[in-house]
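A short write-up of the structure that comes next.
Number of protein chains: 2
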Amino acid sequence: MDSGPVLSIDIGGTKISTAILTREGRLLAKRRAPSQAQEGPRRMIDRILTQARETVAEAALPGGAIDLIGISCGGPLDPVKGIVLKPPNLPGWDGTPLRDLVAAGLGLDASRAHLENDANAAALAELRFGAAQGRRHALYLTMSTGIGGGLILDGRLYRGATFNAGEVGHQRIVPDGPLCGCGLRGCLEAVASGSGIARRLAERFDSLSPALRQAAGSAESITARHLVETARAGDACALEFLEETNRFLAQGIANLVFILNPQIIILGTIVSHAGDLMLAPLREKVREICPPVLAADLEIVASPLGRRLEELSGLAVALDGGPSGPR
Amino acid sequence: MDSGPVLSIDIGGTKISTAILTREGRLLAKRRAPSQAQEGPRRMIDRILTQARETVAEAALPGGAIDLIGISCGGPLDPVKGIVLKPPNLPGWDGTPLRDLVAAGLGLDASRAHLENDANAAALAELRFGAAQGRRHALYLTMSTGIGGGLILDGRLYRGATFNAGEVGHQRIVPDGPLCGCGLRGCLEAVASGSGIARRLAERFDSLSPALRQAAGSAESITARHLVETARAGDACALEFLEETNRFLAQGIANLVFILNPQIIILGTIVSHAGDLMLAPLREKVREICPPVLAADLEIVASPLGRRLEELSGLAVALDGGPSGPR
Chain A
-1 MDSGPVLSID IGGTKISTAI LTREGRLLAK RRAPSQAQEG PRRMIDRILT QARETVAEAA
59 LPGGAIDLIG ISCGGPLDPV KGIVLKPPNL PGWDGTPLRD LVAAGLGLDA SRAHLENDAN
119 AAALAELRFG AAQGRRHALY LTMSTGIGGG LILDGRLYRG ATFNAGEVGH QRIVPDGPLC
179 GCGLRGCLEA VASGSGIARR LAERFDSLSP ALRQAAGSAE SITARHLVET ARAGDACALE
239 FLEETNRFLA QGIANLVFIL NPQIIILGTI VSHAGDLMLA PLREKVREIC PPVLAADLEI
299 VASPLGRRLE ELSGLAVALD GGPSGPR
Chain B
-1 MDSGPVLSID IGGTKISTAI LTREGRLLAK RRAPSQAQEG PRRMIDRILT QARETVAEAA
59 LPGGAIDLIG ISCGGPLDPV KGIVLKPPNL PGWDGTPLRD LVAAGLGLDA SRAHLENDAN
119 AAALAELRFG AAQGRRHALY LTMSTGIGGG LILDGRLYRG ATFNAGEVGH QRIVPDGPLC
179 GCGLRGCLEA VASGSGIARR LAERFDSLSP ALRQAAGSAE SITARHLVET ARAGDACALE
239 FLEETNRFLA QGIANLVFIL NPQIIILGTI VSHAGDLMLA PLREKVREIC PPVLAADLEI
299 VASPLGRRLE ELSGLAVALD GGPSGPR
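Chains A and B, in that order, give the protein sequences. 325 is the number that our numbering gives the last residue of the first sequence; the numbers go up by one with no jumps. 325 is the number that our numbering gives the last residue of the second sequence; the numbers go up by one with no jumps.
This is the structure we're talking about:
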C-alpha cells in the first residue's frame, strides 16, 4: 500500500495539528488543538493519539486506515531512533520515543512512521511542495520565536553528524551583542528572530515613535508584528528599526551564501508577513556583501506555503522516509 | 585501463608541482618549479605541459602513459567545464579552459582530466588519504595566505550551485573589522589567515615585544610564522596575540559547527605549523561556544598530510571524477 493517505502530525509549543493528506498534498481532514505543553509528554501524546484517530475518522478513508505517518516536532531529536532529545518548547520530553509511541498507538509498524525537527520538516515541505521544488541547493530559515534552518544540499536534506545541522540562528552576528536564549551573545536569533526583535524593541521602548508604542501598548507586549505593521504604515522609527534588523539578517544570510552557495533561500513567518518590506532590502544587502558568482542568480523569497506549511511538513517527512542509517 | 597511474598537477601562485602516483597514493615521480605567474596562462601552460612530460618520463611507466589527470588550482573555477574563472593569484587566466588544454597537450581525452579548486582538492585528499578517511561529514580549512574551505557532506564533496561553496573565510567575524582582500571588512580571512595575521601584527608592530620585533626584523616582513615561533618560545606578547587569533578562528569554526554539524574539522598550513599552540585552545573555545550535541564528539585536528597534500590533492581530484553534471 505505497500510495495510501498519510497522517501528518505537527507538534509545536502552542498547538498540535493533525491532518490526513494524499501523497500529492490534497488535504482530506485536519484538526488543531492547543498543545498544553505544561502537561508533559504522557498526557500530550494521549491527546495527540486521540486527535489523530478523530482526524482519521473524519477523513472517512475507503480502506479506513492511513499507511504512513510523518511527525514534525521541535528539536533537538534523533530521527533514526525516533526520539525527542531536549526540546526547549516541550518541557519534560527529554528522551521520549515519540515516533514509536505514536506508531504503536495507531496500530502501525514503527517503520511506517518518521520524525524530523520542524526546520528540517519545513525544508522538506518546500522541496516537495513549495519554493524549493526543482532546486538542488535550497536553505529554509524559520523566522518565528527562534531562527532555525533546514538545508537541502545536492537535492536532499542534509542532517549532519548528530542530526543537528542547520542551527543557523546561532552563528554570531554581533560580538558582545544581546543575550540569546541559548546563553551566547549576539547570535542571529538574538537580534533577528521574533523574540530577539521583541526584546530589542522592549529595551528601547521609551524612545520608540508614538505610533509604535501605541500599536504595542507596552514594552512587555510589543512584538515583531507591531513593528512590521507600523513600518508598513510608513512610520520612520519602525522603518529604521526594521532596516537595522534587515542588516543583521542579511549578514547572517550572506555568511550562509559564502559557505553553502545555494540557489534559493526561503524565509518563514516574519518575512512572509513583512513581504517586500524585508525581502527587497535583504536581496539588495546580500548582493552588496556577496560577489556575483555567488549572488547573481540567488533567489531570496518568502515561503509560499503559508498556513499549509504545518500539514505539508509532516507529509514531506513521511514521504522523505528519514535518514538512510540504521534505526 | 582503470587502474593505471595518475598525473597530479598543483598550480599555485608561487609554485607548480607535477607528480605521477599510483591510485593508492604511492609516488612514482615528482617535479616542482616556480609558477612565474606574471607570465600569464599561455606560457605557464606550456611550461606545465613540459614539466608534466618530464615527470611522466621520469616515472618510466611500463605502458609509458598515464590514464587520468587531476588538477588542483586556485578558484573560482568551473569544474564541469574545466575552466578557470577569475583566480586572484593567477592574473590573466580569466576563462582559461585549463582542463582541456592540459588533456589535449598530453594526448588524453578531456574526459580523463578533472579540475577542482585547491580547497576542494585538499578536502578530497583528506577524505581519501588523510584525516577525513571514513568520515561522512568533514570540513577542511586552508589556513595560508587566505582561508578557504572544502566541505565533505554525506560522504562527498559539496560544491554548491555555482561550484563556489566553502568560502568560509568570508563569513564576518568582526563587524567593521580590518579590510579583507575581498573588499569586505572583518572577514575571518582578514583576521586569521596568514595575510590577515601579518597585517594585524604589522599594524601594531611598535607595541609588540622585543622578541617578536627581532624575529621579524620589520613591520613589512613580519609573518604568522614569526608569531608562532616566538609564541612557542614562551613570549607573552606573542602568546596573547595568538590567543586573540584563536578566539577569532574559534568563532568562525563554531559558526560552521552550528550550520553543518561535522564530525571533524581539519586545519591546514598555519595550524599544522602551530600544533597544540592553536589546536588545544581552538578545541576548548569551540566547546565553550557550541552545545554538547554538536561539540561533544567533534574532532578538530591539523592536516596530517603535510607536504604530501600538494601531490595527493590532484590525485584525489582525478579519482573523484568531478561533479556528475553535464560537461
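Cβ atoms here follow ideal geometry from the backbone N, Cα and C, with glycine treated the same way.
Neighbourhood of A/A234 by C-beta, 8 Å cutoff - its chain only, sequence neighbours within 5 removed: S207
Taking just the CA atoms, how far does B/N259 sit from A/G147? Approximately 12 Å, taken between the alpha carbons.
Spatial neighbours of B/L99 within its chain, please: C-beta separation below 7 Å, excluding the five flanking residues on both sides. Short of 7 Å from the beta carbon of B/L99, and not among the five residues preceding or following it, lie these beta carbons of its own chain, in chain order: I43.
Specify the secondary structure class of B/R325 as computed by DSSP and reduced to three states. Any answer about B/R325 is weak, because its pLDDT of 48 lies below 50 and its placement is not dependable; what the coordinates show is given next. Three-state DSSP puts B/R325 in coil, outside helix and strand.
By how many angstroms is the C-alpha of B/V82 removed from the C-alpha of B/E37? Annotation: B/E37 to B/V82 spans about 16 Å, alpha carbon to alpha carbon.
If you reduce the DSSP assignment to three classes, tell me which class B/P77 lands in. coil
Which residues of chain A have a Cβ atom closer than 7 Å to the Cβ of B/L151, listed in chain order? L151, Y156
Below 8 Å on the Cβ atoms is my guess for B/A262 versus B/R133; work out the distance and round it to an integer in Å. The sequence given here places Ile at residue 262 of chain B; Ala does not occur at that position. Going by Cβ atoms, the distance from B/I262 to B/R133 rounds to 5 Å, so yes, they are a contact pair.
8 Å Cβ shell around A/R183 - same chain, five flanking residues per side excluded: These residues qualify, in order along the chain: R170, V172, P173, D174, G175, P176, L177.
Does DSSP put A/E187 in a helix, in a strand, or in coil? helix
So, with DSSP's three-state summary, where would you put A/C71? strand
Roughly how many angstroms lie between the CA atoms of B/A214 and A/A117, to the nearest whole one? 50 Å
Against chain B, with Cβ distances strictly below 7 Å, would A/N162 count as a contact? yes
Quick one: is B/L258 near chain A, going by C-beta distance under 7 Å? Chain A, which has a Cβ nearer than 7 Å to the Cβ of B/L258, makes this yes.
Should B/R24 be labelled buried (16 or more other beta-carbon atoms within 10 Å of its own) or exposed? It counts as exposed.
Examine chain A for any beta-carbon lying closer than 7 Å to the beta-carbon of B/G320, and answer yes or no. no
B/L88: which of B/N253, B/Q131, B/P39, B/H135 sits nearest, CA to CA? B/P39
Buried or exposed, going by whether 16 or more other CB atoms sit within 10 Å of the CB of A/R198? It counts as buried.
Under a three-way DSSP split, which group does B/L317 fall into? In this structure, B/L317 counts as helix in the three-state DSSP scheme.
Residue nearest to A/S322 in terms of C-alpha spacing, selected from A/G312, A/V78, A/Q249: A/V78
If B/L26 sits next to B/E309, beta carbons under 8 Å apart, how far is it from one beta carbon to the other, in whole angstroms? 10 Å between Cβ atoms; not a contact.
Do A/G144 and A/S191 have their C-beta atoms within less than 7 Å of each other? yes
Reference A/A102; option with closest CA among A/E124, A/R126, A/D65, A/L122: A/D65
Can you list the residues of chain A that B/H135 reaches, using a CB-CB cut of under 7 Å? G158, A159
Where B/A300 and B/S205 are concerned, what is the direct C-alpha to C-alpha distance, given to the nearest angstrom? 31 Å
Is the distance from the Cβ of A/L280 to the Cβ of A/I298 below 7 Å? yes
Cα-Cα separation between B/G181 and A/A293, rounded to whole angstroms: 16 Å
Among B/H271, B/L186, B/L5, B/I264, which has the Cα closest to the Cα of B/T221? Shortest Cα-Cα distance from B/T221 to any of B/H271, B/L186, B/L5, B/I264 involves B/H271.
Measure the C-alpha to C-alpha separation of A/G80 and A/G68 and round it to an integer number of angstroms. 11 Å
Please say whether A/N244 and A/M276 have beta carbons closer to each other than 7 Å? A contact, by the Cβ cut-off of 7 Å.
Is B/R305 close to chain A? Criterion is C-beta to C-beta, closer than 7 Å. no
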